[in-house]
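Here the numbering used here is used: the first residue of the sequence shown is -3, the next is one more, and so on. Structure record follows, encoded as structure tokens.
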Amino acid sequence: MKTTFTLTAGAVLLLAACHSTKTDTWQKVVSAPHATSDDKDRSRAYAAELHATLLRAGIAHKVVTFQFRYSSKYTISGTAERTAIIYRDPAEPKHPYWIMDDHLTSPVWLPEGSVERQVDFYLRRPTTIVSVTDFPATDYKVVKPVEKSTPRKKAVSRIQPVAPAKPAAPAQPKAEPQPTKISKPEKPHAEPKTTITPVEEKKPASAIKAEPARS
């Protein structure tokens, strides 16, 4: 059992040494500042710093919080909680997965598999995963900077005073329709009567007797 543990620890240290200063990702990881002794949760504070560094660089990583049991001289057993960063190094296709926390000075290689299996491999003891937050890779070089747009001038609308409207004249009452007078037809004019006067016949002159002259 001791021999197996020694070989595993030796393999991890060897892979960590081979990874040193060979990639840009490694340099970014080791440049993240470690937490100070004033921080209540040093592992979480360091993980926040490393997460911000990898996020700015667009490197895929996971923020993992886990619990594990431990024993010491003063207590028989206890449970501790720690937060670490598992990241993927694009420059190491054969060994892409690495882990880093506040207890390390250099990243440690991880085998492929589930997050729980990788953390168990790192601590060499059973662990319980509390939370995992995944941040995929982002190519920030492709993203074009957003051009600053010229602020538009706000249009000022001027309100013209409205003249008071004149009161409308009262509506005239509509005239009631008067009944139409129908005139009676006029009497036809009497035709003038024509009087025929008989013409006396003139007697011939021979028939007229001469009256004797008076002396």
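All residues carry an ideal CB built from backbone N, CA and C; glycine is no exception.
Worksheet item: Are there three or more Cβ pairs, one per stretch, closer than 8 angstroms when the stretch 104 to 111 is compared with the stretch 23 to 42?
Response: Too few Cβ pairs lie closer than 8 angstroms, so no.
Discussion item. So, for Thr75: in the same chain, excluding its five sequence neighbours on each side, which residues have a beta-carbon less than 6 angstroms away from its beta-carbon?
Written reply: Contacts found: Gln63 and Arg65.
Item to complete: Could you tell me which of Ser127, Arg40, Ile55 and Ala41 sits nearest to Lys212, measuring between CA atoms?
Response: Residue 212 lies beyond the range of the chain shown here (-3 to 211); nothing can be said about it.
Worksheet item: So Ile95 and Glu112 are in contact, right, with Cβ under 8 angstroms, and what is the actual spacing, rounded?
Response: Not a contact, Cβ separation roughly 13 angstroms.
Worksheet item: For the beta strand (DSSP E) that contains Lys58, what are its first and last residues?
Response: Its beta strand (DSSP E) spans residues His57 to Tyr66.
Fill in: Local Cβ density within 10 Å of Leu50, reported as buried at 16 or more and exposed below that
Under this definition Leu50 is a buried residue.
Worksheet item: Should Thr79 and Thr61 be called a contact, given that it needs their Cβ atoms to be closer than 9 angstroms?
Response: Yes. Within cutoff.
Practice prompt. Could you pull out every residue in the same chain whose Cβ sits closer than 8 angstroms to the Cβ of Pro141, ignoring the five residues on either side in sequence?
Written response: Low local confidence applies: a pLDDT of 40 at Pro141 is under 50, so the model's placement there is unreliable, with the coordinate-based value given in what follows. Taken in chain order, the list of residues that qualify is empty.
Worksheet item: Using the C-alpha atoms, what's the distance from Ala133 back to Val139?
Response: Low confidence applies to Val139: its pLDDT is 39, below 50, so where it sits in the model is not reliable, and the reading given next is rough at best. When the Cα atoms are used, Val139 and Ala133 turn out to be separated by approximately 13 angstroms.
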